[in-house]
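In our numbering, the protein residues as written are 1044 to 1315.
Here the structure is laid out as structure tokens; the discussion comes afterwards.
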Ligand SMILES: Nc1ncnc2c1ncn2[C@@H]1O[C@H](COP(=O)(O)OP(=O)(O)OP(=O)(O)O)[C@@H](O)[C@H]1O
Ligand SMILES: [Mg+2]
């Protein structure tokens, strides 16, 4: 099973990660034996049923939760709390409603004590990159959902993280906006490569965005399969409508929806 790439070069390493939460007198196992290596500048998507531990995994990588056992390494070091090298984008827009688009994007730079001129320049660059330049002075309430998420993406990029952790960032958007933002995110990523871990419920989204799709299963939350996506870049509408895309989507769909009936041919625990 291809849960691992070249470990020496891996940007993110999860080794046998287990996470339990106290549930009454018992421990509820949210994640069990999750191992995964993500190479620098890879775009990995994770998909799986509700409750399979996707957000828990994300929170561990973000440094908001600690694994109960096993380890989560970034650049070879155990994750110990949030850090500026990891930008996090959640489903809820989490913009400051009283700040304009520009002020929101500049916020992290201000915290990082970046000088005014550079702050302005970097904010403008990323606002332009997500196509919001006409809305720099708008407040979040004047933006559509898709625009708010573009602003959140610009804000995450502005602090120059090497890793972007995205937990269902397009989950609240309509299908058309979602497709447009997927394309834009990939354009952004191809211009400004980062290591991306992107969580979604949507099989099409997972296949369209990822160079690998991690399929997770629930009870306990674990890696069920990892599927390589060898579709060409740029990922255009043509790619989305191609037979190769359909075939991959069917494979991932099957892995997600037939977890009870499909034997796990290559459990990540094999050989141990
Ligand atoms: N802080 C917590 N305390 C107790 N249980 C928790 C906590 N966080 C998560 N869980 C449990 O762990 C399991 C995994 O939750 P998680 O939010 O990671 O799932 P998910 O895959 O992100 O689901 P969804 O697709 O619905 O967002 C769930 O059963 C949830 O109830
Ligand atoms: Mg979740």
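The beta-carbon is built from N, C-alpha and C at its ideal position, and this holds for glycine as well.
(message) Do residue 1128 and residue 1212 count as a contact pair if the criterion is CB distance below 7 Å?
(response) no
(message) Does the contact criterion of 3 or more C-beta pairs under 8 Å hold for the stretch 1186-1200 versus the stretch 1214-1229?
(response) yes
(message) Under DSSP, the alpha helix (DSSP H) around residue 1224 begins and ends at which residues?
(response) 1218-1234
(request) Write down every uninterrupted run of the beta strand (DSSP E) in the stretch 1078-1126 whose length is 3 residues or greater and which is fully enclosed by it, in chain order. (result) 1086-1090, 1112-1117
(request) State yes or no: is the C-beta of residue 1213 nearer than 6 Å to some heavy atom of ligand 1? (result) No heavy atom of ligand 1 is found nearer than 6 Å to the CB of residue 1213.
(message) Buried or exposed, going by whether 16 or more other CB atoms sit within 10 Å of the CB of residue 1271?
(response) exposed
(message) Which of the three DSSP states is assigned to residue 1130 in this structure?
(response) strand
(request) May I have a chain-ordered list of the alpha helix (DSSP H) segments no shorter than 4 residues that lie completely inside the stretch 1138-1182? (result) 1144-1154, 1159-1172
(message) Please state the DSSP three-state secondary structure of residue 1070.
(response) strand
(message) Using the three-state DSSP reduction, which class does residue 1237 fall into: helix, strand or coil?
(response) coil
(request) My understanding is that residue 1299 touches residue 1258, with C-beta atoms under 8 Å, so please give their C-beta distance in whole angstroms. (result) 6 Å
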